[in-house]
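J.: Sharing a structure with you now.
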Amino acid sequence: MSRVLSTEEAKSAISQIQRIIQGGLNDQIQALDVQGQILSQPNVWDGPLAQQFRSETWPQTKSALDKAQQELEELRAQLEKISHDIFTAGGGA
Numbered sequence: 118m119s120r121v122l123s124t125e126e127a128k129s130a131i132s133q134i135q136r137i138i139q140g141g142l143n144d145q146i147q148a149l150d151v152q153g154q155i156l157s158q159p160n161v162w163d164g165p166l167a168q169q170f171r172s173e174t175w176p177q178t179k180s181a182l183d184k185a186q187q188e189l190e191e192l193r194a195q196l197e198k199i200s201h202d203i204f205t206a207g208g209g210a
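Following the working numbering, the numbering of the sequence shown begins with 118 at its first residue and continues without gaps.
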C-alpha cells in the first residue's frame, strides 16, 4: 500500500501557489503583454532596435509568456485535483 500524506503545511503551500498563479502572476503577465503591445507600435517607439524588438524580441517573449501562463494554469489545475484526491482519501476533505 502506498503512503498518502498531506499536512496542513502542504495544504497551505498548494493554496499559496494557486493564489499566486490565479492572481498576481497572471495579472503581471497580462500587464507585460499590454506594455509589449504598446512598444510594438511604430508610432509609439521606432528605430532599428525598436524594429528588432517588434519583429524578434517581443514575439519570442510573448510566446514564452503565453506558454508559461498555460503551463502554470495546468499546474494549478493539477494541484487542485491532487489536493482534492489526497484530502478525500485521507478523510480531510
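Note that beta-carbon positions come from the ideal geometry of N, C-alpha and C, so glycine has one too.
1. Which whole-angstrom value is the C-beta distance of TRP175 and GLY153, which I expect to be below 8 Å?
2. Can you tell me whether GLN158 is helix, strand or coil according to DSSP?
3. Can you grab the Cα-Cα spacing for the pair GLN195 / ILE134, in whole Å?
4. Sorted by chain position, which residues of the same chain lie with C-beta nearer than 7 Å to ILE155's C-beta, five sequence neighbours on each side aside?
5. Checking 8 Å against the spacing of the C-beta atoms, do LEU192 and ILE146 come in under that value?
6. Please confirm whether LYS128 and SER180 have their CB atoms less than 8 Å apart.
T.: So, from the data block:
1. 5 Å
2. GLN158 carries a coil assignment under DSSP once its states are collapsed to helix, strand and coil.
3. 11 Å
4. VAL161
5. no
6. SER180 sits away from LYS128, with the two beta carbons spaced by 8 Å or more.
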